[in-house]
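In our numbering, the protein residues as written are 5 to 354. A virtual CB, placed ideally from N, CA and C, is assigned to each residue, including glycine. What follows is a single structure, written as structure tokens, with notes after it.
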């Protein structure tokens, strides 16, 4: 637990996940439905651990983790074996065009390794060129994501997460049309500057995902200060990269269980307004689930139908507003808030 009283940075007061979304409570409410309709999630570039936002989902999660580093894949396999996943596969594979072979640029900071060559000139702007220093180059065979999934007998995918240091567009391109037609949520790391030479940027990723029936719901932005000026009081920094969250908005052909999971994921990630909209617009289709599976939806959205919030909720919102104003008044008085960079560590979860 961070000591927010002894620290002079707002970072210490910001939780690792957004508690306003209340993901644990949302999951607990929909768990009876999810136990009959598990979530299939594909994580391309799993290095480190399971994404924090997926932690509550573990009991109903069919995880497919794809990590090109064999040593890291073995470590992840051992770690995941100790947890109560619905199922968990860790595949030591690299995703790319069919029949392809690419050069992996291994950097001093392993998490910055990429199939694109690091752009030292751009990285140097932000004072961290050593992270992108190439210490080894090796040829790696790549395969399309759809082919890798088919080999494991994995058909429909509900969530796709891609974080592969600039190579995300190739992951998206190789998923395959049939899986795109059933995908519900895509979480993609995107860049706004060329940290790697010739890499696709956010605009290219967005142009590919939109026609698949998705819309951008949130962009978790990360800014970097020039020359790494962590304590520079006046620099807002430059938007460098972020996590883009896309939800399906084209529902044609989506079966009732898929629609139910889409509604759950929207609420789970903090987009309760969209979840409620989907529920109200598609009540007739949701009846195909049967009364038992439909019950969690009805009870979850019943409070949304109230014309006015309860008095206690109004008072709570008012108190939070006052506390927010006090906090930001204090930060304004200090003239600078001590954060390394501006960020969106609030919505949906990170």
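Would you kindly report the start and end of the unbroken alpha helix (DSSP H) that includes residue 267? For this step, residue 267 is matched to residue 263 along the chain shown. From DSSP, the alpha helix (DSSP H) with residue 267 extends over 260-272.
Within 10 angstroms of the Cβ of residue 278, are there 16 or more other Cβ atoms? Answer buried if so, exposed if not. Taking the first residue of the chain shown as 1, we reach residue 278 at position 274. When all chains shown are included, residue 278 counts as buried.
If you run the structure through DSSP and keep just helix, strand and coil, what is residue 118? The residue labelled residue 118 in the question sits at position 114 within the chain shown. In the structure shown, residue 118 sits in a strand (DSSP, three-state: E or B).
Hey, would you say residue 47 sits closer than 8 Å to residue 67, going by beta carbons? For the purposes of this step, residue 47 is taken as residue 43 along the chain shown, with counting starting at 1. For the purposes of this step, residue 67 is taken as residue 63 along the chain shown, with counting starting at 1. In contact: residue 47 and residue 67 (Cβ atoms closer than 8 Å).
Less than 7 Å between the CB of residue 118 and some heavy atom of the ligand MN, yes or no? This structure simply doesn't include the ligand MN, nor any ligand for that matter.
Let me know the secondary structure DSSP gives residue 1 once reduced to three states. It is not possible to answer for residue 1, since the shown part of the chain is limited to 5 through 354.
Within 10 Å of its beta-carbon, does residue 300 have 16 or more other beta-carbons around it, so buried, or fewer, so exposed? For the purposes of this step, residue 300 is identified with residue 296 of the chain shown, where counting begins at 1. Under this definition residue 300 is a buried residue.
May I have a chain-ordered list of the alpha helix (DSSP H) segments no shorter than 4 residues that lie completely inside the segment 42-90? The qualifying runs are 74-85.
Where residue 197 and residue 85 are concerned, what is the direct C-alpha to C-alpha distance, given to the nearest angstrom? The sequence position of residue 197 within the chain shown is 193, counting from 1. The sequence position of residue 85 within the chain shown is 81, counting from 1. Distance between the alpha carbons of residue 197 and residue 85 is about 38 Å.
Output needed for residue 190: all residues of its chain with C-beta closer than 7 Å, excluding positions within five of it in sequence on either side, in chain order. As a first step, residue 190 must be located in the chain shown, where it is residue number 186. Within the same chain, residue 190 has close Cβ partners 164, 213, 218, 250.
Starting from residue 249, follow its DSSP beta bridges and name the residues at the other end. Working through the chain shown from its first residue, we reach residue 249 at position 245. Looking at the DSSP assignment, residue 249 forms a beta bridge with 191, 222.
Tell me the rounded alpha-carbon separation between residue 80 and residue 51. Numbered from 1 along the chain shown, position 76 holds the residue referred to as residue 80. Numbered from 1 along the chain shown, position 47 holds the residue referred to as residue 51. Roughly 8 Å between the two C-alpha positions.
Measure the alpha-carbon distance for residue 40 versus residue 290 and round it to whole angstroms. Along the chain shown, read from residue 1 onward, the residue named residue 40 stands at position 36. Along the chain shown, read from residue 1 onward, the residue named residue 290 stands at position 286. Roughly 15 Å between the two C-alpha positions.
C-alpha distance - residue 368 paired with residue 153, whole-angstrom precision: Because residue 368 is not part of the residues shown, which for the chain are 5 to 354, the question remains open.
Spatially closest choice to residue 211 from 264, 172, 27, by CA coordinates: Counting from one through the chain shown, the residue named residue 211 turns up at place 207. Taking only the C-alpha atoms, the option nearest residue 211 is 172.
Between the C-alpha atoms of residue 113 and residue 222, what's the straight-line distance to the nearest angstrom? Position 109 of the chain shown, counted from the start, is the residue given in the question as residue 113. Position 218 of the chain shown, counted from the start, is the residue given in the question as residue 222. Using only the alpha carbons, I get a separation of about 28 Å.
Local conformation of residue 158 per DSSP, three classes: Residue mapping note: residue 158 aligns to position 154 of the chain shown, counting from 1. Reduced to three states, the DSSP call for residue 158 is coil.
Helix, strand or coil, according to DSSP, for residue 323 in the structure here? Along the chain shown, read from residue 1 onward, the residue named residue 323 stands at position 319. Helix, per DSSP.
Three-state secondary structure (DSSP) at residue 301? The count along the chain shown starts at 1 and reaches residue 301 at position 297. Three-state DSSP puts residue 301 in a helix.
Just grab the DSSP bridge partners of residue 109 for me. To locate residue 109, count along the chain shown from 1; it is residue 105. Per DSSP, 118, 141.
For residue 216, three-class secondary structure by DSSP: Translated into the one-based positions of the chain shown, residue 216 becomes position 212. Three-state DSSP puts residue 216 in a helix.
For residue 196, three-class secondary structure by DSSP: In the chain shown, residue 196 corresponds to position 192, counting from 1. Three-state result, residue 196: coil.
Quick check: the segment 111-130 against the segment 197-209, are there 3 or more CB pairs under 8 Å? At 8 Å Cβ cutoff, the stretches touch.
With a cut-off of 8 Å on the beta carbons, I'd call residue 30 and residue 272 a contact; round off their distance for me. Along the chain shown, read from residue 1 onward, the residue named residue 30 stands at position 26. Along the chain shown, read from residue 1 onward, the residue named residue 272 stands at position 268. Their Cβ separation, rounded to whole angstroms, is 5 Å, which keeps residue 30 and residue 272 in contact under 8 Å.
Using C-beta distances below 6 Å, list every residue in its chain close to residue 161, excluding the 5 sequence neighbours before and after it, in chain order. On the chain shown, position 157 is the one that residue 161 refers to. Excluding residues within five positions, the ones whose Cβ falls inside 6 Å are 44, 46, 183, 187.
Using CA coordinates, which residue listed in 116, 150, 267 is at the minimum distance from residue 97? Numbered from its first residue, the chain shown carries residue 97 at position 93. Residue 97 has its Cα closest to that of 150, out of 116, 150, 267.
Nearest-angstrom Cα separation, counted from residue 240 out to residue 342: Sequence index remark: in the chain shown, residue 342 carries index 338 (1-based). Sequence index remark: in the chain shown, residue 240 carries index 236 (1-based). In this predicted model, residue 342 has a pLDDT of only 43, less than 50, meaning its place in the structure is not dependable enough to derive any value.
Could you tell me which residues DSSP pairs with residue 170 in its beta bridges? Position 166 of the chain shown holds residue 170. According to DSSP, residue 170 shares a beta bridge with no other residue.
Consult DSSP for residue 243 and reduce its assignment to one of helix, strand or coil. Translated into positions along the chain shown, residue 243 becomes position 239. Reduced to three states, the DSSP call for residue 243 is strand.
In whole angstroms, give me the CA-to-CA distance for residue 209 and residue 157. As a working note, residue 209 is residue 205 in the chain shown. As a working note, residue 157 is residue 153 in the chain shown. The alpha-carbon of residue 209 is positioned some 27 Å away from that of residue 157.
Could you have a look at residue 186 and say whether DSSP puts it in helix, strand or coil? Taking the first residue of the chain shown as position 1, residue 186 is located at position 182. Shown here, residue 186 sits in coil according to DSSP, grouped into three states, outside any helix or strand.
Identify, in the order they occur along the chain, each residue of the same chain with its Cβ nearer than 6 Å to the Cβ of residue 72, setting aside the five sequence neighbours on each side. Here the question's residue 72 lines up with position 68 in the chain shown. Excluding residues within five positions, the ones whose Cβ falls inside 6 Å are 98.
Whole-angstrom distance between residue 248 and residue 59, CA atom to CA atom: Numbered from 1 along the chain shown, position 55 holds the residue referred to as residue 59. Numbered from 1 along the chain shown, position 244 holds the residue referred to as residue 248. Approximately 19 Å between the Cα atoms of the pair.
What is the C-beta distance between residue 70 and residue 95, in whole angstroms, given that I count them as a contact (C-beta under 8 Å)? Position 66 of the chain shown, counted from the start, is the residue given in the question as residue 70. Position 91 of the chain shown, counted from the start, is the residue given in the question as residue 95. Yes, residue 70 and residue 95 are in contact; Cβ-Cβ is about 5 Å, under 8 Å.
CA-CA distance, residue 305 and residue 280? Position 301 of the chain shown, counted from the start, is the residue given in the question as residue 305. Position 276 of the chain shown, counted from the start, is the residue given in the question as residue 280. Straight-line spacing of the CA atoms in residue 305 and residue 280 works out to 7 Å.
Measuring CA to CA, which of 261, 145, 116, 147 is closest to residue 133? If you number the chain shown from 1, residue 133 lands on position 129. For the residues 261, 145, 116, 147, the minimum Cα distance to residue 133 belongs to 116.
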